[in-house]
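Q: Could you have a look at this structure, given as structure tokens, before my questions?
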Amino acid sequence: SGNPQKLREFSGTTFNLQLTISESILQESPEVYAEIQMENERFREALKRWEELFKGLSGAILSRDKKEFVEQFLRAREWTLRDEESRRAYQKMYRMVEALADKEKNAEKSESPPTQ
47 SGNPQKLREF
57 SGTTFNLQLT
67 ISESILQESP
77 EVYAEIQMEN
87 ERFREALKRW
97 EELFKGLSGA
107 ILSRDKKEFV
117 EQFLRAREWT
127 LRDEESRRAY
137 QKMYRMVEAL
147 ADKEKNAEKS
157 ESPPTQ
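In structure tokens, the structure reads:
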């Protein structure tokens, strides 16, 4: 769908977090991101690998090949788990979601009028 709101209707926590992060990045300076991504050799190497992984997952999804999807997914997981930070990513994501929810609740409390 071309409508981000429509995407949210059919998504879970992980997808909503990814969408929010993507949307927030797109609000930042494109010049800064161009500089970071085009001048960083390590980023370009990582991008090539992510592109390969994405093509594998995309192909499996489009062909509705569940076995291939699982193989590609596990290959992508294996690649990311080489990094210590990646091994803790799932737990970190849920801590961030909880922190954001708490922050949002506190903001709502401070915006609501005092009760009599």
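Using the working numbering, the letters of the sequence shown map in sequence onto residues 47 to 162. For glycine and all other residues, C-beta sits at the position ideal for the given N, C-alpha and C. Predicted model only: the values in this text are computed from it and were never measured.
Where does L127 fall in DSSP's three states?
A: Here residue 127 is taken as the residue at index 81 of the sequence shown, counted from 1. In the structure shown, L127 sits in coil (DSSP, three-state: anything other than H, G, I, E or B).
Q: Relative to the alpha-carbon of R133, which residue among M142, R141, Y140, R123 has its alpha-carbon at the smallest distance?
A: For the purposes of this step, residue 133 is identified with residue 87 of the sequence shown, where counting begins at 1. Of the candidates M142, R141, Y140, R123, the one whose C-alpha sits nearest the C-alpha of R133 is R123.
Q: For G102, which of R90, V116, E55, N86 has the nearest alpha-carbon?
A: For the purposes of this step, residue 102 is identified with residue 56 of the sequence shown, where counting begins at 1. The shortest Cα separation from G102 among R90, V116, E55, N86 belongs to V116.
Q: Taking the beta carbon of S47 as the centre, do at least 16 other beta carbons fall within 10 Å, making it buried, or is it exposed?
A: Looking up residue 47 in the sequence shown gives position 1. Low confidence applies here, because S47 scores a pLDDT of 49, under 50, leaving its location unreliable and the question unanswered by this model.
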